[in-house]
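Trainee:
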Amino acid sequence: MAKLQLELKQQQHRNQMLEDRVKAAEQERDSLLLALKLLTQDQRHSHEKQINANDRDDFQQPNRDTHAIPLKNQFSSLAVEETSESVSASTTNLENQSKRKRDKEEIVLIGDSIVKHIDPRKLTKKNVHKFTYPGKTAEDIEKELNIINIQSSPSHVIVHAGTNNIPIDSTKVCSKKLERLVIKTKAKFPNSKVCLSGITFRQDIEQATKIQKVNKKLEEMAAKNDVMFIDNSSIDHTCLNGSNLHLNGKGSAVLASHFITFLRGNQPRVVQDTTRSEKDFRMATINQIGDMLKAILVGNSRKIQQ
1 MAKLQLELKQ QQHRNQMLED RVKAAEQERD SLLLALKLLT QDQRHSHEKQ INANDRDDFQ
61 QPNRDTHAIP LKNQFSSLAV EETSESVSAS TTNLENQSKR KRDKEEIVLI GDSIVKHIDP
121 RKLTKKNVHK FTYPGKTAED IEKELNIINI QSSPSHVIVH AGTNNIPIDS TKVCSKKLER
181 LVIKTKAKFP NSKVCLSGIT FRQDIEQATK IQKVNKKLEE MAAKNDVMFI DNSSIDHTCL
241 NGSNLHLNGK GSAVLASHFI TFLRGNQPRV VQDTTRSEKD FRMATINQIG DMLKAILVGN
301 SRKIQQ
């Protein structure tokens, strides 16, 4: 009887581990799909701008054969779509008051050059204050906090730093400097939900193992200081541009999707003791969606050239 109970407990433990891994994979899938959506929107807007530019060029050529194409009507739906974003969807006083309250809420994004291509408008409809410090280390950004002046108290604060500490600091020193940055951020914004974004992958230097160790310490530090931690381990070499340091379009979209997850009140669960087969499954999923992103980029690029 005791043996059966032990086997039952072991099976229940295995089942729980499998459920956790499935949830983690689903969350990663949702994050990548959101990144795919953001990237697709960017490509679509770029393509539309190119089409409109071509239409203006055609209109300015009097000797060219013209046809009665209702260009205004053809693109009027796009204009309506863009305009509708600034129009309240509600007509009741209660909903209007709720919307005004949400509009007053503000977001603060503080980071190094890794976040320079993050479009605040894609993160949320709230007002976003973005402070980017290219080339700055965690301690440099900590000093910059002194001159950041926000009139109201933001609802959320996202901090992404440490990239420039990796080549010069030890794992321990790097994590300590980031902890001081987090503590000072919490002190400056005591009523805000603070989130620390993990250091992203880079290939310009052989520091992949070090980045993993630092992020592990940052995750533990974040829990100790009651701040959220964003796991950016899904950002790999396919997310880097030619510098092998900064993010390309795909990488920025994935990072933005992680920020959106935090702003929406969700926190991806970090599953420990992941088996090799589970890692392979997740990487296969990530690579598959990555291929989809590449296909969209190439396809839209060809359309624009045509």
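Residues in the sequence shown are numbered consecutively from 1, following the UniProt record's numbering.
A virtual CB, placed ideally from N, CA and C, is assigned to each residue, including glycine.
Values in this document were obtained by computation on a predicted structure and should not be read as measured data.
Assuming Gly198 contacts Ala161 under a Cβ cut-off of 8 Å, what Cβ separation, rounded to an integer in Å, is found between them?
Mentor: Gly198 to Ala161, Cβ: 11 Å. No contact.
Trainee: List the DSSP bridge partners of Met17.
Mentor: Paired residues: none, contrary to the question.
Trainee: Taking only the alpha-carbon atoms, compute the straight-line gap between Pro120 and Leu8 and give it to the nearest angstrom.
Mentor: Whole-angstrom Cα-Cα distance: 50 Å.
Trainee: Measuring straight from C-alpha to C-alpha, what distance separates Gly249 and Ile147?
Mentor: Spanning the two alpha carbons is a distance of roughly 31 Å.
Trainee: With distance defined between alpha-carbon atoms, name the residue in Asn244, Leu196 and Leu247 nearest to Lys224.
Mentor: Minimum Cα distance to Lys224 is reached at Leu196.
Trainee: Report buried or exposed for Leu18, applying the criterion of at least 16 other Cβ atoms within 10 angstroms of its Cβ.
Mentor: Looking at its Cβ environment, which holds fewer than 16 other Cβ atoms inside 10 Å, Leu18 is exposed.
Trainee: Below 8 Å between beta carbons: does that hold for Ser170 and Glu105?
Mentor: Cβ distance not < 8 Å, so Ser170 and Glu105 don't count as in contact.
Trainee: Once the 5 residues before and after Lys116 are set aside, which same chain residues still bring their CB inside 6 Å of it?
Mentor: Closer than 6 Å at the Cβ level, and outside the excluded window around Lys116, lie Thr132.
Trainee: Can you grab the Cα-Cα spacing for the pair Val87 / His237, in whole Å?
Mentor: In this prediction, Val87 has a pLDDT of 42, which is less than 50 and means its spatial position is unreliable; what the coordinates show is noted afterwards. Distance between the alpha carbons of Val87 and His237 is about 40 Å.
Trainee: Could you check which residue in Lys176, Leu145 and Val22 has the C-alpha nearest to that of Val157?
Mentor: Residue Leu145 is the option with its Cα nearest to Val157.
Trainee: What residues in its chain sit with their C-beta under 6 Å from that of Thr137, if we drop five residues either side in the sequence?
Mentor: Excluding positions up to five away in sequence, the list reads Asn164 and Asn165.
Trainee: Is Asn15 near the ligand NAP, going by C-beta to nearest heavy atom under 7 Å?
Mentor: The ligand NAP is absent from the structure shown, which contains no ligand whatsoever.
Trainee: Just curious, the beta strand (DSSP E) that Glu106 is in, first and last residue?
Mentor: First-last of the beta strand (DSSP E) with Glu106: Glu106 to Gly111.
Trainee: Specify the secondary structure class of Phe189 as computed by DSSP and reduced to three states.
Mentor: Correct three-state label for Phe189: coil.
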